[in-house]
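Undergrad: Position in the sequence shown (from 1) plus 84 gives the number in this note's numbering. Note that CB positions come from ideal geometry on N, CA and C, so glycine has one too. Here it is, the structure in full.
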Amino acid sequence: MKGWTSFNSNQNNMLENAGWLGNEENVKSFVDEKGNFDVAIPLSMIMGFAEDYKKIIVNMKHELILTRSRSDLNAIIQEGTTTSGVTAYEDCEVKISKIEWLMPYVIASDKQKIQLLNFIGKDNPISMCFRSWEIFEYPLLPSTNKHVWTVKTSNQLEKPRFVILGLQTKRKAVRTANASRFDHCEISNVKLFLNSQYYPYNNMNLDIYNNQYAILYDMYANFQKSYYGRDPQPMLTKSMFIENEPLIVIDCSRQNESLKNAPVDVRLEFEAKKDFPANTSAYCLILHDRIVQYNPISGDVKKLV
85 MKGWTSFNSN
95 QNNMLENAGW
105 LGNEENVKSF
115 VDEKGNFDVA
125 IPLSMIMGFA
135 EDYKKIIVNM
145 KHELILTRSR
155 SDLNAIIQEG
165 TTTSGVTAYE
175 DCEVKISKIE
185 WLMPYVIASD
195 KQKIQLLNFI
205 GKDNPISMCF
215 RSWEIFEYPL
225 LPSTNKHVWT
235 VKTSNQLEKP
245 RFVILGLQTK
255 RKAVRTANAS
265 RFDHCEISNV
275 KLFLNSQYYP
285 YNNMNLDIYN
295 NQYAILYDMY
305 ANFQKSYYGR
315 DPQPMLTKSM
325 FIENEPLIVI
335 DCSRQNESLK
345 NAPVDVRLEF
355 EAKKDFPANT
365 SAYCLILHDR
375 IVQYNPISGD
385 VKKLV
């Protein structure tokens, strides 16, 4: 979800080397006849810490924990063989034979090394500020055209700055479905509530089947301008966006900062022209600030709240 909003078409070659395939046709060139593949994934593609924090980290252990899903169905698209009206699918799985974690190692000059040692000797905490990504799932939406989702309660520091909402119908653990695609489900309006404040201010009044969704694409395209401070270069055209990745991107980065201690209740209210189809799931990606402090000598690490 974050990738579709952040990347642009000029990065296609780099993204293909990282295993980011824009469509199913690219898979044929991605793997060989035996199904072997090799990718180099920049950590900045999957972690906000690696994307935002650009300074060196002194004398601290790094640990990367990868947890695999119980099933590989969401990473595979299959075409079954039909015989006598019965469709059969080949048993297949993704096997990872080798993983390497490549990290840059900085060797300071003598002058800089002395300055670093003098600073470290005081054992002052070093702050690392970055924007974290947090995903939430609503596994099964009720068959109504309106829904209220209480996503979480956060502190003031980690309250949402951007929220991305996506809907999927009959895609999870389905052999023939592309689990990286989303569905618009005839969504007509979405509101994000942070306590009593809500975003966007006006109703969206979407009517997708009558080609009225320009505001939705505009919210998607302007993410890069707000998040990165650069001219927007959206990866998806308007037609590709609504057909394959109709994500609702809500910019709530400009907020009233007068209250500093009260918790923030994060709630989504959304409605559609018709009842949500059966087996529809909702995904909410929250981008928020995070500050972590570490002490190079003692090794203490703590998250500020």
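Spatial neighbours of residue 245 within its chain, please: C-beta separation below 6 Å, excluding the five flanking residues on both sides.
TA: Here the set comprises 337, 371, 372.
Undergrad: Report the option in 353, 261, 367, 382 whose CA atom is closest to the CA atom of residue 217.
TA: Taking only the C-alpha atoms, the option nearest residue 217 is 367.
Undergrad: Suppose you measure from the CA of residue 282 to the CA of residue 223; what does that come to, to the nearest Å?
TA: Each residue's alpha carbon lies about 24 Å from the other.
Undergrad: Please list the terminal residues of the continuous alpha helix (DSSP H) segment that includes residue 217.
TA: Careful: residue 217 lies outside any alpha helix (DSSP H), inside the beta strand (DSSP E) at 210 to 222.
Undergrad: How close, in whole Å, do the beta carbons of residue 378 and residue 187 come, if the pair is a contact with beta carbons under 8 Å?
TA: About 16 Å separates the two Cβ atoms, so there is no contact after all.
Undergrad: Got a sec? Which residues, its chain only, sit under 6 Å from residue 219 by beta carbon, not counting five neighbours each side?
TA: If we look at residue 219 and ignore the five residues flanking it on each side, its Cβ neighbours are 369.
Undergrad: Quick check on DSSP: helix, strand or coil for residue 283?
TA: Strand.
Undergrad: Could you please give the first and the last residue of the uninterrupted beta strand (DSSP E) stretch that includes residue 273?
TA: Where residue 273 is concerned, the enclosing beta strand (DSSP E) stretches over 271 to 278.
Undergrad: Is residue 102 closer than 9 Å to residue 126 when the C-beta atoms are compared?
TA: Closer than 9 Å, so yes.
Undergrad: What residue does the beta strand (DSSP E) around residue 353 start on, and which one ends it?
TA: Start and end: 348 to 356.
Undergrad: Roughly how many angstroms lie between the CA atoms of residue 251 and residue 105, to the nearest whole one?
TA: Taking the straight line joining both Cα atoms gives about 20 Å.
Undergrad: State yes or no: is the C-beta of residue 259 within less than 9 Å of the C-beta of residue 164?
TA: For residue 259 and residue 164, yes; Cβs fall inside 9 Å.
Undergrad: Exposed or buried, residue 88, counting other C-beta atoms within 10 Å across all chains shown (16 or more means buried)?
TA: Answer is buried; the Cβ neighbour count reaches 16.
Undergrad: Relative to the C-alpha of residue 225, which candidate in 384, 140, 359, 376 has its C-alpha closest?
TA: Nearest option by C-alpha distance: 359.
Undergrad: What distance in whole Å lies between the Cβ atoms of residue 277 and residue 184, which are believed to be in contact at a cut-off of 8 Å?
TA: Residue 184 to residue 277, Cβ: 44 Å. No contact.
Undergrad: Do residue 351 and residue 178 count as a contact pair if the criterion is CB distance below 9 Å?
TA: Contact flag unset, no.
Undergrad: Taking Cβ to Cβ, would you say residue 267 is nearer than 9 Å to residue 330?
TA: Taking 9 Å as the Cβ cut-off, residue 267 and residue 330 qualify as a contacting pair.
Undergrad: Mark residue 235 as exposed unless 16 or more other C-beta atoms lie within 10 angstroms of its C-beta, in which case mark it buried.
TA: When all chains shown are included, residue 235 counts as buried.
Undergrad: Under a Cβ-count criterion, where at least 16 other Cβ atoms within 10 Å of its own Cβ denotes burial, should residue 272 be classed as buried or exposed?
TA: Flag for residue 272 reads buried.
Undergrad: Helix or strand or just coil, what does DSSP make of residue 339?
TA: Coil.
Undergrad: Is residue 170 helix, strand or coil when you go by DSSP?
TA: In this structure, residue 170 counts as strand in the three-state DSSP scheme.
Undergrad: Taking only beta-carbon positions, decide if residue 178 is within less than 9 Å of chain B.
TA: In the displayed structure, chain B is absent; only one protein chain is listed.
Undergrad: Between residue 380 and residue 198, is the Cβ-Cβ spacing less than 9 Å?
TA: Contact: no.
Undergrad: Assuming residue 132 contacts residue 214 under a Cβ cut-off of 8 Å, what Cβ separation, rounded to an integer in Å, is found between them?
TA: That belief holds up - the Cβ atoms of residue 132 and residue 214 are roughly 5 Å apart, short of 8 Å.
Undergrad: Hey, out of 167, 173, 169, 150, whose CA is closest to residue 157's CA?
TA: It is 173 whose Cα lies nearest to the Cα of residue 157.
Undergrad: Which residue from 248, 287, 196 puts its Cα closest to that of residue 221?
TA: Of the listed residues, the one whose Cα sits closest to residue 221 is 248.
Undergrad: If we count the other Cβ atoms within 10 Å of its Cβ and call it buried at 16 or more, is residue 365 buried or exposed?
TA: Buried is the call here.
Undergrad: Check the C-beta distance from residue 212 over to residue 376 and give it rounded, since I have them as a contact under 8 Å.
TA: So it is a contact: roughly 5 Å between Cβ atoms.
Undergrad: Residue 367 bridges to which residues according to DSSP?
TA: DSSP, once it has assigned bridges, lists 221, 250 as partnering residue 367.
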